[in-house]
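Let me begin by presenting the structure, written as structure tokens, before commenting on it.
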Amino acid sequence: MQLFLLLMSVTLSAQACKTPGQGLISRQEAIEIARKEISFEPKSVETAQSTFDGVPAWEVMLRNTSEPDPRGSVVFVTIDARSGKILALARN
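To convert, note that position 64 of the sequence shown is 83 in my numbering; the numbers rise steadily by one, no gaps.
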């Protein structure tokens, strides 16, 4: 019985120590993953946290131009925030 109580105490303490976002890749890691998908040096990078089919994700937008008409120079990458796997990729 004492062993059970000790194990429960350790388990509850470990859960209480978890911080939000623990185990998720960082914004910088998401940007590095996305940059591997492009062949240009981006003029701007924007990120946002979101979900993709219920999975925590990073949305990364890499722009190759500052022109008002960005056709052909914007890449959108959705990255699984847990595994770092690319979930979606679109080029504009």
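Just so you know, even glycine gets a beta-carbon here, dropped at the ideal spot from N, CA and C.
A residue is called buried once 16 or more other Cβ atoms fall within 10 Å of its Cβ, and residue 100 is buried on that count.
Fully enclosed beta strand (DSSP E) runs of no fewer than 3 residues occupy 63-71 and 74-82 of the segment 37-98, in order along the chain. Shown here for residue 61: same chain residues with a beta carbon closer than 7 Å to its own, the five before and five after excluded, namely 81, 82 and 83 in chain order. The three-state reading of DSSP puts residue 100 in coil, since its state is none of H, G, I, E or B. Exclusion of the five residues before and after residue 53 leaves 79, 81, 96 and 98 as the residues of its chain whose Cβ lies within less than 7 Å of its Cβ. By the neighbour-count definition (other C-beta atoms within 10 Å, threshold 16), residue 107 is an exposed residue.
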